[in-house]
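Under my numbering, the letters of the sequence shown match residues 24 to 337, in that order.
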Amino acid sequence: MIPAIRVSGLVKTYPARPPVEAVRGLDLEVNVGECFGLLGPNGAGKTTTLEIIEGLLDPTAGEVEILGLKWGTNDTEIRNKIGISLQETRLSDKLTVRETVTLFRSFYSVGIAPDEAIGRVSLEEKVNAYVDKLSGGQRQRLAVATALVGDPELLFLDEPTTGLDPQSRRQLWDVIRSIKERGRTVVITTHYMDEAERLCDRVAVIDHGKVIALGTPAELIARVGGEHVIDLDIDPTSSVHPRTAELSNLPTVNSVREEGDHVTITASEPHRALPALLDLVRTAGVKIAGLTTRTATLEDVFVTLTGRHLRDES
Ligand SMILES: Nc1ncnc2c1ncn2[C@@H]1O[C@H](COP(=O)(O)OP(=O)(O)OP(=O)(O)O)[C@@H](O)[C@H]1O
Numbered sequence: 024m025i026p027a028i029r030v031s032g033l034v035k036t037y038p039a040r041p042p043v044e045a046v047r048g049l050d051l052e053v054n055v056g057e058c059f060g061l062l063g064p065n066g067a068g069k070t071t072t073l074e075i076i077e078g079l080l081d082p083t084a085g086e087v088e089i090l091g092l093k094w095g096t097n098d099t100e101i102r103n104k105i106g107i108s109l110q111e112t113r114l115s116d117k118l119t120v121r122e123t124v125t126l127f128r129s130f131y132s133v134g135i136a137p138d139e140a141i142g143r144v145s146l147e148e149k150v151n152a153y154v155d156k157l158s159g160g161q162r163q164r165l166a167v168a169t170a171l172v173g174d175p176e177l178l179f180l181d182e183p184t185t186g187l188d189p190q191s192r193r194q195l196w197d198v199i200r201s202i203k204e205r206g207r208t209v210v211i212t213t214h215y216m217d218e219a220e221r222l223c224d225r226v227a228v229i230d231h232g233k234v235i236a237l238g239t240p241a242e243l244i245a246r247v248g249g250e251h252v253i254d255l256d257i258d259p260t261s262s263v264h265p266r267t268a269e270l271s272n273l274p275t276v277n278s279v280r281e282e283g284d285h286v287t288i289t290a291s292e293p294h295r296a297l298p299a300l301l302d303l304v305r306t307a308g309v310k311i312a313g314l315t316t317r318t319a320t321l322e323d324v325f326v327t328l329t330g331r332h333l334r335d336e337s
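The structure is reproduced here in structure tokens:
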């Protein structure tokens, strides 16, 4: 079966002084019908990669195939098969919701009725509202409707929920799930890990213009050692800190990471690791301010792989 997207050896260097190597040899394959997430911190190269795949930007080097087609050879065919919702899709404040979607419908030779696209993002009540009267979440759903109206086989959503309140985010997740249920392929960029875990069948973690991990969220979490995390907060007044080597030797512990007074421990069997940890802390006389356990997340995957947090704004 032809993949929805095949990217190989992708490189993008922006001319600047010094030149910016935004994408440095990126390989990727997205299957038809999956929701695929591109994850990474700010500046990792997600938008650049997406814009090259979407045909909005030329690569410096590398190959891109969309549903077996190539930019430069099959442009019209590709455009009729894809829908794009940019990071900040600019919509005219002077148009209503229906007028906006009708305008976008005119760009495609095939597609669905504007009101149907509006219904799919649950904006029926706002069909006659002007764009400048919509909330942030409603605007984002309208942006998705403009991408859906061409009935795309492949939908690109660049950070669709950034800046939205939790309720608007959940509404958009429902929209994305319903698109996937129709058998369409969705590619989404996000730096919200919970979003990727809930929505995506597979994710590629991107850092410094390269894929550093690829798989289902569960596979990636399992790969970095254990599905459980113990967060240990040491009281700042404690004169004793537990030694990393001792923590690493506790039963079923896979990794230990210290950041000041905070220690993050991954363990495959917390019911065995925890009693031993508490014994160690008591014997050593370490004062603790907090101890919690949780399931590992994609954020932990990123931190383990890079030593940095995804939401660092640097
Ligand atoms: N037109 C441009 N000229 C020069 N450098 C650019 C240009 N566009 C992006 N960059 C740089 O390329 C790198 C990758 O940017 P890109 O927008 O692809 O990252 P991103 O992962 O999408 O980040 P974000 O999550 O902040 O959108 C960054 O260092 C950015 O500053």
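Each residue gets a CB set at the ideal place from its N, CA and C atoms; glycine is no exception. Here the structure is a predicted model, which is why all the values come from computation and not from measurement.
Helix, strand or coil, according to DSSP, for residue i in the structure here?
i, result
"Ala45", "strand"
"Ala219", "helix"
"Thr208", "strand"
"Arg305", "helix"
"Ile257", "strand"
"His285", "strand"
"Ile199", "helix"
"Ser262", "coil"
"Asp188", "coil"
"Glu336", "Because the pLDDT at Glu336 is just 42, under 50, the model does not fix this residue reliably, and the value given afterwards should be weighed accordingly. Looking at Glu336 - three-state DSSP - the assignment turns out to be coil, as it is neither helix nor strand."
"Thr315", "strand"
"Asp174", "coil"
"Phe325", "helix"
"Thr213", "strand"
Given a threshold of 16 other Cβ atoms within 10 Å of its Cβ, counted over all protein chains shown, does residue i qualify as buried or as exposed?
i, result
"Lys310", "exposed"
"Ile89", "buried"
"Ser337", "The predicted position of Ser337 is uncertain, since its pLDDT is 37 and thus under 50; a value taken from the coordinates is nonetheless stated next. With fewer than 16 other Cβ atoms within 10 Å, it is exposed."
"Arg332", "In the sequence under discussion, the amino acid at residue 332 is His, which differs from the Arg named in the question. His332 is exposed by the Cβ-count criterion."
"Tyr292", "Residue identity differs from the one stated: residue 292 is Glu in this sequence, not Tyr. Exposed."
"Ser108", "buried"
"Leu79", "exposed"
"Phe59", "buried"
"Lys69", "buried"
"Phe325", "buried"
"Ala27", "buried"
"Gln190", "exposed"
"Lys149", "buried"
Out of curiosity, what's the CA-to-CA distance linking residue i and residue j?
i, j, result
"Thr239", "Asp50", "16 angstroms"
"Leu273", "Ala296", "6 angstroms"
"Ala319", "Gly186", "24 angstroms"
"Gly106", "Arg266", "53 angstroms"
"Asp197", "Leu222", "9 angstroms"
"Leu114", "Ile253", "45 angstroms"
"Ala168", "Arg143", "7 angstroms"
"Gln161", "His294", "45 angstroms"
"Ala170", "Leu300", "52 angstroms"
"Glu100", "Val133", "11 angstroms"
"Val263", "Ala307", "7 angstroms"
"Leu165", "Lys156", "12 angstroms"
"Leu303", "Thr260", "18 angstroms"
"Pro42", "Thr36", "6 angstroms"
"Arg102", "Trp94", "10 angstroms"
"Val87", "Ile244", "29 angstroms"
"Phe127", "Pro175", "13 angstroms"
"Gly159", "His214", "18 angstroms"
"Ala39", "Met216", "31 angstroms"
"Ile25", "Arg47", "25 angstroms"
Just to check my reading of the structure: residue i and residue j have Cβ atoms closer than 8 angstroms, yes? What is that Cβ distance to the nearest angstrom?
i, j, result
"Leu178", "Arg207", "6 angstroms"
"Leu270", "Val286", "7 angstroms"
"Gly232", "Glu52", "About 18 angstroms separates the two Cβ atoms, so there is no contact after all."
"Leu61", "Ala227", "6 angstroms"
"Glu219", "Leu328", "Note that residue 219 is Ala in the sequence shown here, rather than Glu. Between Leu328 and Ala219 the Cβ distance is about 15 angstroms, and since that is not below 8 angstroms, they are no contact."
"Pro183", "Gln163", "6 angstroms"
Ranges of the alpha helix (DSSP H) found wholly within the segment 99-156, counting only runs of at least 4 | Runs found: 120-128, 137-143.
Continuous alpha helix (DSSP H) assignments of at least 4 residues falling wholly in the segment 25-99 = Runs found: 69-76.
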